Amino acid sequence: MVKICCIGAGYVGGPTMAMIALKCPSIEVAVVDISVPRINAWNSDQLPIYEPGLDEVVKQCRGKNLFFSTDVEKHVAEADIVFVSVNTPTKTRGLGAGKAADLTYWESAARMIADVSKSDKIVVEKSTVPVKTAEAIEKILSHNSKGINFQILSNPEFLAEGTAIQDLISPDRVLIGGRETPGGQKAIQALKEVYAHWVPEDRILATNLWSAELSKLAANAFLAQRISSVNAMSALCEATGADVYQVSHAVGMDTRIGPKFLNASVGFGGSCFQKDILNLVYICECNGLPEVANYWKQVISMNDYQKNRFVNRVVASMFNTVSGKKIAVLGFAFKKDTGDTRETPAIDVCKGLLGDKACLSIYDPQVNEDQIQRDLSMNKFDWDHPLHLQPMSPTSVKQVSVTWNAYEATKDAHGICILTEWDEFKTLDYQKIYDNMQKPAFVFDGRNVLNAAKLREIGFIVYSIGKPLDPWLKDMPAVA
Ligand code: NAD
Ligand code: UDX
Numbered sequence: 052m053v054k055i056c057c058i059g060a061g062y063v064g065g066p067t068m069a070m071i072a073l074k075c076p077s078i079e080v081a082v083v084d085i086s087v088p089r090i091n092a093w094n095s096d097q098l099p100i101y102e103p104g105l106d107e108v109v110k111q112c113r114g115k116n117l118f119f120s121t122d123v124e125k126h127v128a129e130a131d132i133v134f135v136s137v138n139t140p141t142k143t144r145g146l147g148a149g150k151a152a153d154l155t156y157w158e159s160a161a162r163m164i165a166d167v168s169k170s171d172k173i174v175v176e177k178s179t180v181p182v183k184t185a186e187a188i189e190k191i192l193s194h195n196s197k198g199i200n201f202q203i204l205s206n207p208e209f210l211a212e213g214t215a216i217q218d219l220i221s222p223d224r225v226l227i228g229g230r231e232t233p234g235g236q237k238a239i240q241a242l243k244e245v246y247a248h249w250v251p252e253d254r255i256l257a258t259n260l261w262s263a264e265l266s267k268l269a270a271n272a273f274l275a276q277r278i279s280s281v282n283a284m285s286a287l288c289e290a291t292g293a294d295v296y297q298v299s300h301a302v303g304m305d306t307r308i309g310p311k312f313l314n315a316s317v318g319f320g321g322s323c324f325q326k327d328i329l330n331l332v333y334i335c336e337c338n339g340l341p342e343v344a345n346y347w348k349q350v351i352s353m354n355d356y357q358k359n360r361f362v363n364r365v366v367a368s369m370f371n372t373v374s375g376k377k378i379a380v381l382g383f384a385f386k387k388d389t390g391d392t393r394e395t396p397a398i399d400v401c402k403g404l405l406g407d408k409a410c411l412s413i414y415d416p417q418v419n420e421d422q423i424q425r426d427l428s429m430n431k432f433d434w435d436h437p438l439h440l441q442p443m444s445p446t447s448v449k450q451v452s453v454t455w456n457a458y459e460a461t462k463d464a465h466g467i468c469i470l471t472e473w474d475e476f477k478t479l480d481y482q483k484i485y486d487n488m489q490k491p492a493f494v495f496d497g498r499n500v501l502n503a504a505k506l507r508e509i510g511f512i513v514y515s516i517g518k519p520l521d522p523w524l525k526d527m528p529a530v531a
């Protein structure tokens, strides 16, 4: 029986390994982590991450050929293939702080693999890493190998949260990069055979190591760039009376452009886009390519602009102050169908509104109060360092309350900000909500999920990203 071990039982390690276990009953899969609470949760009925369809997959395999454990060294020593899926956050200190990837967790995993291994292994980069990381890992492994043969592969993960199970069952492609040596090609073939249990062979791409590493950063940069492009257009639409939905629909019908990933929003979030673009920017700078670095930096600047613009719109619409006003925030996760709040635009929007002394009442169906308070008191970039290493915030943010119900959150509020596109927000009783709010009552739809015309009929003043402005909003100071 082939044995696989995955180091890192997070959003990527957990679901990807569960899918391998499901599709490959002849393979034994162990997912290991240094975080005891995380492993305990994987072994319980309350999994540590919310992902539609994940519970069923885990339940089918756990205890049969899928195991979650904190005994990292034992499982690594026994494995034929070791995936490394630890976090690769943005550095917060020292050389490259605020841009470069922090490979501390990666390096410590590599050193541990070298220490405990007694047999040949294929080591697979699953984490998103800077291009050329495999070279560094090879050095660590070969200098400590005691004659053991390690083959390094890059197999970046392209799943998106909220749709992870579907993405894993039917990936657009699986990318495997390896050395162009007989040993490297044999390792690629071994990993191909794992995926070939359920992925059609023509979707499994083999490349050299550096192409695979760079393709992951490139794919995220291209995706984020589409969102920044449509968000840039949304500002121009508001200024001119064009409708961003109509514009993106017309643009996306060009088959060379395509319709997906063109939804204007309050800004993109999530653990990957910003981190990976910053990482790309840093690599460009280190390679003497400042023009290329500046080009990609703009994707992030536009995203920051969009979040600021939203906050300014809220404040400007409400007589240029939200001091002491209750603002209901509906949605805190970075997208629907996940409880993940890493780099969610809600953090920046809430901080912006708190800066203007608003009182926030926040509701998200999957995010609890502890997480929201932690996010609002954390420093930038601290979020991706393992929870057990993060200092707990000594005090919670006083102007913030968290409810488990949208009606409670909006009661007596002056305005509502929709920051995540949860389906349940579309079907709320907005007449009831309007009746219980202060007047004039505002809705700022940061995800364009509500029917603005119906809300206006009820009496709301409505702002939708990139849509023609209400006369009320036009009369307020210009927002930049
Ligand atoms: P995560 O924080 O959810 O999980 C990482 C886990 O690794 C944590 O549980 C942590 O405790 C564990 N860990 C850290 N060092 C360890 C060590 N030395 N030994 C054992 N366990 C250790 O992160 P994630 O979202 O799963 O992301 C992991 C990697 O995959 C990152 O590089 C990320 O960029 C990439 N990625 C993420 C996504 C996504 O949607 N989240 C998608 C594609 C790629
Ligand atoms: C992303 C990539 O899609 C995935 O391939 C990679 O493996 C990890 O990073 P993820 O961050 O989980 O996945 O979600 P994604 O669906 O890409 O959304 C990222 C952010 O962009 C979210 O905040 C989402 O709301 C926003 N978004 C997405 C838009 O604002 N408009 C869009 O049209 C699409």
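The number in my numbering is simply the position in the sequence shown, starting from 1, with 51 added. Ideal Cβ positions, reconstructed from N, Cα and C, are used throughout, including at glycine. Note that the structure is predicted; figures quoted are calculated from it, not measured.
Helix, strand or coil at residue i according to DSSP, with G and I counted as helix
i	result
residue 450	coil
residue 259	strand
residue 489	coil
residue 229	strand
residue 120	strand
residue 322	coil
residue 113	strand
residue 166	helix
residue 176	strand
residue 246	helix
residue 67	helix
residue 97	coil
residue 410	strand
residue 460	helix
residue 209	coil
residue 62	coil
residue 224	coil
residue 307	coil
residue 104	coil
residue 284	helix
residue 405	helix
residue 237	helix
residue 527	coil
residue 254	helix
residue 393	coil
residue 473	coil
residue 313	coil
residue 368	helix
residue 429	coil
residue 291	helix
Neighbourhood of residue i by C-beta, 6 Å cutoff - its chain only, sequence neighbours within 5 removed
i	result
residue 398	426
residue 503	513 and 515
residue 134	57, 175 and 177
residue 172	133 and 201
residue 329	141 and 150
Distance between beta carbons of residue j and residue i, contact taken as under 8 Å
i	j	result
residue 493	residue 368	6 Å
residue 470	residue 400	6 Å
residue 318	residue 396	4 Å
residue 294	residue 518	5 Å
residue 386	residue 235	Actually they do not touch by this definition, with Cβ atoms about 37 Å apart.
Close Cβ partners of residue i (< 8 Å) along its chain, the five nearest in sequence each way excluded
i	result
residue 482	509
residue 122	83
residue 423	383, 392, 413, 415, 451 and 453
residue 274	312 and 324
residue 523	368, 491 and 512
residue 442	Note on residue 442: pLDDT 48, under 50, position unreliable in the model; the coordinate value appears next. Correct list: empty, nothing qualifies.
residue 335	341, 343, 344 and 347
residue 52	77, 78 and 79
residue 521	507, 512, 513 and 514
Identified DSSP bridge partners for residue i
i	result
residue 56	81 and 133
residue 466	378 and 493
residue 274	Answer is none; residue 274 lacks a bridge partner.
residue 202	173
residue 45	Absent from the structure is residue 45, since the part of the chain shown begins at 52 and ends at 531.
residue 141	152
Cβ shell of residue i (< 7 Å), same chain only, five flanking positions each side left out
i	result
residue 407	366, 372, 373 and 374
residue 205	176, 185, 228, 260, 263 and 264
residue 61	136 and 138
residue 348	332
9 Å Cβ cutoff, residue i in contact with chain B
i	result
residue 217	Reference to chain B is not applicable here, since this structure consists of a single protein chain.
Task: the stretch 65-79 contacting the stretch 94-108, beta-carbon criterion three pairs below 8 Å - done: Touching, yes, given that three or more Cβ pairs across the two stretches are closer than 8 Å.
Open item on the list: Whether or not the stretch 248-267 and the stretch 221-230 are in contact is what I'm after, with contact meaning three or more pairs of Cβ atoms, one per stretch, closer than 8 Å; do they touch?
Closed with: Flag = yes, the stretch 221-230 and the stretch 248-267 touch.
Task: Cβ pair count under 8 Å reaching 3, the stretch 108-125 against the stretch 84-96 - done: Judged by pairs of C-beta atoms under 8 Å, the stretch 108-125 touches the stretch 84-96, as three or more such pairs exist.
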